[in-house]
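All remarks here apply to the structure that follows.
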Amino acid sequence: MVFKDANMSIARGEKVSFVGRNGEGKSTMIKAILNEIEVEGNCQLGHNVKVGYLRKIRQLC
Numbered sequence: 016m017v018f019k020d021a022n023m024s025i026a027r028g029e030k031v032s033f034v035g036r037n038g039e040g041k042s043t044m045i046k047a048i049l050n051e052i053e054v055e056g057n058c059q060l061g062h063n064v065k066v067g068y069l070r071k072i073r074q075l076c
């Protein structure tokens, strides 16, 4: 379980970022918002919402 009883509202014009250590659910949260993964409950975006997401790029050195 990544989140339990999570609830978030973001007003028009606000910008949000998710910050945390590796493995704490930041990418999972974005994937849930973008409906890229199945979630229990629901996730709703308002009218005209634009989501920007820079995916992780794994590099082999």
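My numbering numbers the first residue of the sequence shown as 16 and each following residue consecutively. Here a beta-carbon is modelled for each residue, glycine too, at the ideal position from N, C-alpha and C.
Where residue i falls: helix, strand or coil (DSSP)
{"i": "alanine 47", "result": "helix"}
{"i": "serine 42", "result": "helix"}
Proximity to residue i [Cα-Cα], best of the options
{"i": "serine 24", "options": "Arg36, Leu69, Lys41 and Ile48", "result": "Ile48"}
{"i": "arginine 70", "options": "Ala26, Gly61, Arg27 and Met44", "result": "Met44"}
{"i": "histidine 62", "options": "Ala26, Gly35, Arg73 and Asp20", "result": "Ala26"}
{"i": "glycine 28", "options": "Asn50, Glu55 and Val64", "result": "Val64"}
Rounded separation between residue i and residue j - CA only
{"i": "lysine 46", "j": "isoleucine 52", "result": "6 Å"}
{"i": "glycine 67", "j": "valine 31", "result": "10 Å"}
{"i": "valine 54", "j": "alanine 21", "result": "12 Å"}
{"i": "arginine 73", "j": "cysteine 58", "result": "28 Å"}
{"i": "valine 34", "j": "glycine 40", "result": "10 Å"}
{"i": "asparagine 50", "j": "serine 42", "result": "12 Å"}
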